Structures are given as structure tokens and as C-alpha cells.
Amino acid sequence: MPLLELQNVCVQFGGLRAVSDFNFTLDQGELVGLIGPNGAGKTTAFNVTTGVYRPSAGTVRLAGQSIAGQKTFKINRAGIARTFQNVRLFANMSVLDNVLVGFNKSLTQSLTSTILRAPIHQREDRQFEDQAIELLQTMNLADKAYAAAGSLPYGDQRRLEIARALATRPKILLLDEPAAGMNPREKAELMQLIRFIRDQFQVGIWLIEHDMKLVMTICERITVLDHGEIIAVGTPAKVQSDPAVIEAYLGEPA
Amino acid sequence: MPLLAKANQIDSVPRTPAWMLNLFWLALILACYPINRLLEANLNDYLYLVLTRICLNIVLATSLNLINGITGQFSLGHAGFMAVGAYTCGTFLQHYVGVGWNPIAAALLFVIVGGLLAAVAGLIVGVPALRLRGDYLAIATLGFGEIIYIVIRSTESIGPFKIGSAAGLDGIPKVTTFFWAATAAIITVVCVWRLAYSAKGKAFAAIREDEVAAAAMGINTTFYKVTAFVIGAFFAGVAGGLYGALDQTIDPEQFRFTRSIEIVALVVLGGTGSITGVVLAAIVLMILSEALRDLKGVTHVDLRLIVYALLLIITMLLRPQGLMGAKEIFRSRRKRNLSQPAPAA
Chain F
-13 MPLLELQNVC VQFGGLRAVS DFNFTLDQGE LVGLIGPNGA GKTTAFNVTT GVYRPSAGTV
47 RLAGQSIAGQ KTFKINRAGI ARTFQNVRLF ANMSVLDNVL VGFNKSLTQS LTSTILRAPI
107 HQREDRQFED QAIELLQTMN LADKAYAAAG SLPYGDQRRL EIARALATRP KILLLDEPAA
167 GMNPREKAEL MQLIRFIRDQ FQVGIWLIEH DMKLVMTICE RITVLDHGEI IAVGTPAKVQ
227 SDPAVIEAYL GEPA
Chain W
6 MPLLAKANQI DSVPRTPAWM LNLFWLALIL ACYPINRLLE ANLNDYLYLV LTRICLNIVL
66 ATSLNLINGI TGQFSLGHAG FMAVGAYTCG TFLQHYVGVG WNPIAAALLF VIVGGLLAAV
126 AGLIVGVPAL RLRGDYLAIA TLGFGEIIYI VIRSTESIGP FKIGSAAGLD GIPKVTTFFW
186 AATAAIITVV CVWRLAYSAK GKAFAAIRED EVAAAAMGIN TTFYKVTAFV IGAFFAGVAG
246 GLYGALDQTI DPEQFRFTRS IEIVALVVLG GTGSITGVVL AAIVLMILSE ALRDLKGVTH
306 VDLRLIVYAL LLIITMLLRP QGLMGAKEIF RSRRKRNLSQ PAPAA
């Protein structure tokens, strides 16, 4: 049984089929890419997996349990975390507080114990602040822990978004164009980081990316979407030489 | 399996134990009792009243700050919550003190009951309001406030309890002193502060910053938004009850939307989300408002709302983030020294 499984998923907005008959599996420790031209439905596939949209048809299962149409926060708590195509940090909050929000589901204290500063509040706040700092150290962001998240350079913001997602202890991590807006050096570092995260945190990573070099280098498997439909699945070498993929990206041969 | 391999040693900061902090706030509340005696003996009635009202304004502004400033849910219904507390407390107090209850004990009970009923109103508003954002939420909460106003205005009594319809409710026993008001202010500020500056309470601000991202990070946004409304409404209700037991008379006109807007003005002027900034604004605007009262004797026109509006406009032009922005005047969180080299990623 795969950890994450999408079967015949369709997402329809009125008369528009954003995604149709989408099939996909992802296991722990896998690193899988999702590519396709603009408007192909890649982010829609992420949104339907994370509960932003309810599928019009089909099933989404996490470890065998159906999660289709559940609330976003419940799906996150079940083990799927994501980053966003346009970075969506809590811009006016500190870097440390951004990560602390990710630990929210791990907190067992009630709001009453928070207000009364009960022993459990002190223990947990201390413990998770330590963990948040450890996480920031791993992501090389610890020296900026008290800076406002919105003030970070773009590459750091992207890494912070990943750190925040990891704080929710996901089994599956969805990265929506993590390299967008990064320079070549940052992209090279990002590739290392993605592999490191996969190994260190034992997560399955599903990644949307337009940078073909990055996708082809790190992904073990790639799904190609065009006009909401899967046109190719396979290893980087296989999809690269697939005529349908070449046509989708470059147009029909003259 | 641990989240991470053990990272480098983390710089630790000594913290004041919680029991000491709790003891400090308790001591401060108790200290307000002799301070109250001192003020009663040495201050003229007018200044004493102004100080008491400042404390109640702090309660109102801080509780609204939790909803509007910290959680980012624009509410225009705060006067409505206040009215629920004021009328609940006022009518019970009048009735039961009339049949011989001890006024102090009755006031303590009914102020809390008024707060709880306001909290129920907060729950009733909060749940449907969750579907609304920004302007729509503001309009819906405004409508709620007007409903409360109209219901009160057209109700003469409920059973043996007098509401007084448009004429208002008078003859409420005078119980509220500076001590009561200051106690409420301290409890409100400490409560909201502790919520805002804790790992769990970061969820409120996360919802303000980006609701979609907050939900994607596992935050139950519904729960936190309703909680903000319920806690905010509770303290507004408490303030309302204390107002009634201070003025001894309440009427529905006091709780119309202009009142809500006055409280919103405090939050915006203080700096949306800044607890100390909003407390500061509550103090400054109260003093200003009293100073303008004297002006009325000269101009024969009530200039207060005009000045309020002008102040809002000027602040929005010169300092759109409010007096303090999102910052606090002081903040107890000690930053750790994290400049040591991090492990290679």
C-alpha cells in the first residue's frame, strides 16, 4: 500500500476540467517530480491533495485512509505538509515564530494552561522553541531567528517555508516550485537540501518545478501534466525523450 | 525517531519561573486596593472617575485588540458585547441587591455572569462570521451590534428583571471602584499578552498573517477565530457590567456602533496587534476626550467625534501602522545568542 495514493482524481471548476483522471502514488523516502507547461494543473493537483479543493471525482488516500475533501488543517495533521508557489510566510512574524506555528499540532497544553503559565505550558514552550531553533540551525537560518520573516532574502524565505512545513512533522512534503526566483548557486544548494531533507526526515517529497536541470537531477520519477491530463510517467531519461512531452513543451514538429 | 539529530548546544536563557510571575500579578492586583483607598481620599471625584474609566477603556481596547489586531478579524460589534454584559449585570444587580443581597458579592458574581453571556454572544457571532472575511465580517458584526441595540430598546423587562427599553436602566447599585476596574484591566492585559506571546497563541497571529498558510500548517483556524471572539466578548461584557455599576444607569444609545468605532479607533491608533500600544492609546484618548469635554462649554458643539475622526485620518496618513506598529513598548522575551556556527546541512 503506497503512503500517498491519488486514484482517478478529477477537479472541475464549472465547465473547466483543471485535472482529470489523475493517478499518482508516493512512498516514504521517494523524491518525485510533477512538471508541465503553465496552466497544466500542477498546483491544482497539490491543492486537491492538501484539501484546498475537494475532488469532483476520485479518491485521495494517505496510508490507506481517505482524506479527499477533508479540511486542510486535518490533512496537515494527518501528515501532508506543503510550501506555496508564491511564498506564503507569516511575513510580520519572526523567523522563529513562523516555525513555532508549525509545531502547533504538537502542543498538548490547553489555552487555559497557556494563560495561567501552567507547568505544561512552560515545558512545552521551552521544548518547542529549542526544537524550532534546532530546525533553523539545520536549515542555516538560526542567525536570523529573530528577524521578521518578510525581511529575509528570497532564497531564505523559500528555505524558511520548508522549515515551517517540516515543523509539522510530515510524512509527505509537497514543494511547489521551490527554486523559483533562485540564482544558480542557490539552486545548487537547494538540490542538496532537498536530498538532505528526504534522508534526514524520512519523508516522501513531491515537487513541482520548472527548472528542468533540478528536476531531472534529483527526481527518481516524474509525472508530466498537460491540460489537466497525465501525458507521461517515468524516469527522467524516459520522460525527456517522450514525444508527447516534447510536443507539450515545444509544440508539434513542423 | 527524534525530529532531528541533536544539533549544536543551544544557548539558553534564564527565565523567571511562572509561579513568581503569577504571584507578581496577584500582588499588583492586591496592591490596587490600598492604592484605591489612597486615590479616593486624595483625588477629586472627577479625576477618580477618569482614572476608573481609563481602566475600563483598557479592558475594552485590549479585548478588541485580540479579535481585530492579533487575530485580524475586523469586528465592529464590540459595543454589542459590552451591552450584553452591561444589561445582564445591571438588571441582576438591581434586582438581587433590591432583595437584600450583599452588593459586593452580587457584583462580583454578575459581572462574571455578564461576561459569560457576552462570551455566548461572541460564540453566536463568531461561528457564522467565520465564513466572512474583511469588509463582510465588519458589516455582519455591525449588524449584530444593531440587533442587540434594537432588542434592548424594545424590551421593557424579562420576567422580574427590568431592561427599561429606550429609557434605559437606572438605579443600578454603585459598586465599581478604581480597584475593580484596575483588576479587570490587569487581568485582561495579562490574559491577552500571554495568549499572544506563547507558542500556542502564535496561531492567532498566523491567521491574521495568512489564513490559508495557517491552515496548511495544521492550525484549526475555526477554533482559534471563535476563541478570539469568545475571549474578546467575555472581557467586553465584563467591562460593560463594570460600566453599569459605575454610572448606575445605562441606556441603549450608549452601545450603538459609534461606541464600537471608538474602540476600533483605540486599536488602530495604538497599533494593530500591539498590546502595550493599544493600552497607551486607551489612556491618551481618554485624557484627550475629557479635555475636549471642556471645549464643548466654549463651542457649544460636541467636537469629540470630529477630533476622533481627524485623529484617525492624521494617524493613517502619517503613521498607518499606529503609535507602536506591531511592536511592544517592552517585551520580556529574551533573545538567545544564536550566532555560533550551525552544523553543515
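Going down the list, the sequences are from chains F and W. For the first sequence, position 147 matches number 133 in my numbering, and the numbering has no gaps at all. For the second sequence, position 106 matches number 111 in my numbering, and the numbering has no gaps at all. The beta-carbon is built from N, C-alpha and C at its ideal position, and this holds for glycine as well. All figures in this text were calculated on a predicted structure; none of them were measured in a lab.
Quick check on residue i: does DSSP put it in helix, strand or coil?
{"i": "tryptophan 192 (chain F)", "result": "strand"}
{"i": "arginine 63 (chain F)", "result": "helix"}
{"i": "glutamine -2 (chain F)", "result": "strand"}
{"i": "isoleucine 208 (chain F)", "result": "strand"}
{"i": "alanine 234 (chain F)", "result": "helix"}
{"i": "serine 52 (chain F)", "result": "strand"}
{"i": "valine 104 (chain W)", "result": "coil"}
{"i": "alanine 218 (chain F)", "result": "strand"}
{"i": "arginine 3 (chain F)", "result": "strand"}
{"i": "threonine 45 (chain F)", "result": "strand"}
{"i": "glycine 19 (chain F)", "result": "strand"}
{"i": "serine 2 (chain W)", "result": "As displayed, chain W neither begins before 6 nor continues past 350, which places residue 2 (chain W) out of reach and without an answer."}
{"i": "serine 80 (chain F)", "result": "strand"}
{"i": "methionine 222 (chain W)", "result": "coil"}
{"i": "serine 294 (chain W)", "result": "helix"}
{"i": "glutamine 95 (chain F)", "result": "coil"}
{"i": "glycine 27 (chain F)", "result": "coil"}
{"i": "isoleucine 192 (chain W)", "result": "helix"}
{"i": "glutamate 333 (chain W)", "result": "coil"}
Am I right that residue i and residue j are in contact with their C-beta atoms under 8 Å? What's the rounded C-beta distance?
{"i": "phenylalanine 86 (chain W)", "j": "alanine 238 (chain W)", "result": "4 Å"}
{"i": "valine 73 (chain F)", "j": "glutamate 147 (chain F)", "result": "6 Å"}
{"i": "alanine 49 (chain F)", "j": "leucine -11 (chain F)", "result": "6 Å"}
{"i": "glycine 223 (chain W)", "j": "asparagine 62 (chain F)", "result": "4 Å"}
{"i": "serine 279 (chain W)", "j": "glycine 330 (chain W)", "result": "6 Å"}
For the candidate residues the options, whose alpha-carbon lies nearest to that of residue i?
{"i": "aspartate 197 (chain F)", "options": "F:Thr98, F:Ala165 and F:Ala77", "result": "F:Ala165"}
{"i": "threonine 320 (chain W)", "options": "W:Val303, W:Glu295 and W:Ala270", "result": "W:Ala270"}
{"i": "cysteine 205 (chain F)", "options": "F:Gln51, F:Phe114 and F:Arg184", "result": "F:Arg184"}
{"i": "asparagine 78 (chain F)", "options": "W:Leu122, W:Val64, W:Gly103 and W:Ala211", "result": "W:Ala211"}
{"i": "leucine 82 (chain F)", "options": "F:Ile61, F:Met125, F:Gly0 and F:Thr58", "result": "F:Met125"}
{"i": "leucine 174 (chain W)", "options": "W:Phe209, W:Arg264 and W:Ala88", "result": "W:Ala88"}
{"i": "isoleucine 101 (chain F)", "options": "W:Val195, W:Ala126 and W:Thr146", "result": "W:Val195"}
{"i": "threonine 76 (chain W)", "options": "W:Leu343, W:Phe149 and W:Ala233", "result": "W:Ala233"}
{"i": "isoleucine 117 (chain W)", "options": "W:Thr188, W:Ala172 and W:Leu310", "result": "W:Thr188"}
{"i": "arginine 138 (chain W)", "options": "W:Tyr101, W:Thr226, W:Tyr53 and W:Ala186", "result": "W:Thr226"}
{"i": "serine 203 (chain W)", "options": "F:Thr154, F:His213 and F:Val87", "result": "F:Val87"}
{"i": "alanine 66 (chain W)", "options": "W:Pro257, W:Ala124, W:Ala84 and W:Leu52", "result": "W:Ala84"}
{"i": "threonine 260 (chain W)", "options": "W:Leu300, W:Tyr154 and W:Leu308", "result": "Before going on, a small fix: residue 260 (chain W) reads as phenylalanine here, not threonine. The shortest Cα separation from phenylalanine 260 (chain W) among W:Leu300, W:Tyr154 and W:Leu308 belongs to W:Tyr154."}
{"i": "proline 22 (chain W)", "options": "F:Gln108, F:Ala151, F:Gly19 and F:Ala67", "result": "F:Gln108"}
Using DSSP's beta-bridge definition, name the partner residues of residue i.
{"i": "serine 137 (chain F)", "result": "Paired residues: none, contrary to the question."}
{"i": "lysine 167 (chain W)", "result": "W:Ser162"}
{"i": "threonine 254 (chain W)", "result": "W:Asp175"}
{"i": "phenylalanine 10 (chain F)", "result": "F:Leu(-8)"}
{"i": "arginine 68 (chain F)", "result": "F:Leu160"}
Do you know offhand how far residue i's Cα is from residue j's?
{"i": "lysine 332 (chain W)", "j": "cysteine 37 (chain W)", "result": "28 Å"}
{"i": "alanine 218 (chain W)", "j": "valine 284 (chain W)", "result": "30 Å"}
{"i": "serine 4 (chain W)", "j": "isoleucine 157 (chain W)", "result": "Residue 4 (chain W) lies beyond the residue range present for chain W, which begins at 6 and ends at 350; the question has no answer from this structure."}
{"i": "arginine 341 (chain W)", "j": "serine 92 (chain F)", "result": "23 Å"}
{"i": "leucine 61 (chain W)", "j": "leucine 251 (chain W)", "result": "10 Å"}
{"i": "proline 165 (chain W)", "j": "glycine 176 (chain W)", "result": "15 Å"}
{"i": "alanine 234 (chain F)", "j": "glutamate 215 (chain F)", "result": "11 Å"}
{"i": "valine 132 (chain W)", "j": "glycine 242 (chain W)", "result": "18 Å"}
{"i": "leucine 35 (chain W)", "j": "phenylalanine 182 (chain F)", "result": "56 Å"}
{"i": "glycine 249 (chain W)", "j": "glycine 327 (chain W)", "result": "30 Å"}
{"i": "alanine 10 (chain W)", "j": "threonine 221 (chain F)", "result": "No answer about alanine 10 (chain W) holds up, because its pLDDT of 43 lies below 50 and its placement is not dependable."}
{"i": "leucine 127 (chain F)", "j": "alanine 64 (chain F)", "result": "27 Å"}
{"i": "proline 348 (chain W)", "j": "isoleucine 119 (chain F)", "result": "Reliability fails at proline 348 (chain W), whose pLDDT of 48 lies under 50, so the model's placement of it is uncertain and the value that follows must be treated cautiously. Those two C-alpha atoms are separated by around 12 Å."}
{"i": "leucine 56 (chain W)", "j": "phenylalanine 183 (chain W)", "result": "7 Å"}
{"i": "alanine 4 (chain F)", "j": "methionine -13 (chain F)", "result": "27 Å"}
{"i": "threonine 69 (chain F)", "j": "arginine 324 (chain W)", "result": "33 Å"}
{"i": "lysine 173 (chain F)", "j": "glutamine -7 (chain F)", "result": "32 Å"}
{"i": "lysine 230 (chain W)", "j": "isoleucine 144 (chain W)", "result": "17 Å"}
{"i": "isoleucine 106 (chain F)", "j": "leucine 113 (chain W)", "result": "30 Å"}
{"i": "valine 201 (chain F)", "j": "asparagine 9 (chain F)", "result": "20 Å"}
{"i": "glycine 237 (chain F)", "j": "serine 42 (chain F)", "result": "30 Å"}
{"i": "leucine 322 (chain W)", "j": "aspartate 7 (chain F)", "result": "53 Å"}
{"i": "phenylalanine 32 (chain F)", "j": "glycine 206 (chain W)", "result": "28 Å"}
{"i": "glycine 103 (chain W)", "j": "proline 178 (chain W)", "result": "9 Å"}
{"i": "glycine 37 (chain F)", "j": "threonine 254 (chain W)", "result": "52 Å"}
{"i": "alanine 190 (chain W)", "j": "valine 306 (chain W)", "result": "32 Å"}
{"i": "leucine 316 (chain W)", "j": "leucine 147 (chain W)", "result": "22 Å"}
Does any CB atom of chain C fall closer than 7 Å to the CB of residue i?
{"i": "phenylalanine -1 (chain F)", "result": "Any reference to chain C falls outside this structure, whose protein chains are F and W."}
Any heavy atom of the ligand SAH closer than 6 Å to the beta-carbon of residue i?
{"i": "leucine 316 (chain W)", "result": "The ligand SAH is not part of the structure shown, which contains no ligands of any sort."}
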